[in-house]
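Only one structure is covered here, and it is reproduced in the block below.
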C-alpha cells in the first residue's frame, strides 16, 4: 500500500508556500508557534494539511466561487 503524502497549504488562497511563525529575539532562542504564515497572501493562522489531490480540488472550488 502506497503511503499518501500530506502537504500544508493556506486555507485563504490555496498556496503551499507557508512558513512557521517564530517568537523571540532571534531564531536561535525563538519559540515556535503552532500558527503558520502564508508567504503569498500574508495569511497568519492555522494551516490545513491535505493531499495534493484534495488541494487541487480546493483550488478549483475557490476559482469557481470567484468567477
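Residue numbers (my numbering): 568 to 634.
The beta-carbon is built from N, C-alpha and C at its ideal position, and this holds for glycine as well.
Note that the structure is a prediction, hence the values are computed from the model and not measured.
Report the rounded CA-to-CA distance for residue 606 versus residue 617, giving the unit in angstroms. 18 Å
Over what stretch of residues does the alpha helix (DSSP H) that includes residue 625 continue unbroken? Counting along the chain, the unbroken alpha helix (DSSP H) around residue 625 starts and ends at 619-633.
N-terminal and C-terminal residue of the beta strand (DSSP E) that residue 587 is part of: 585-590
By the DSSP assignment, the beta strand (DSSP E) with residue 574 in it spans what residues? First-last of the beta strand (DSSP E) with residue 574: 573-576.
Residues near residue 622 by beta carbon distance below 6 Å, same chain, minus five either side: 576
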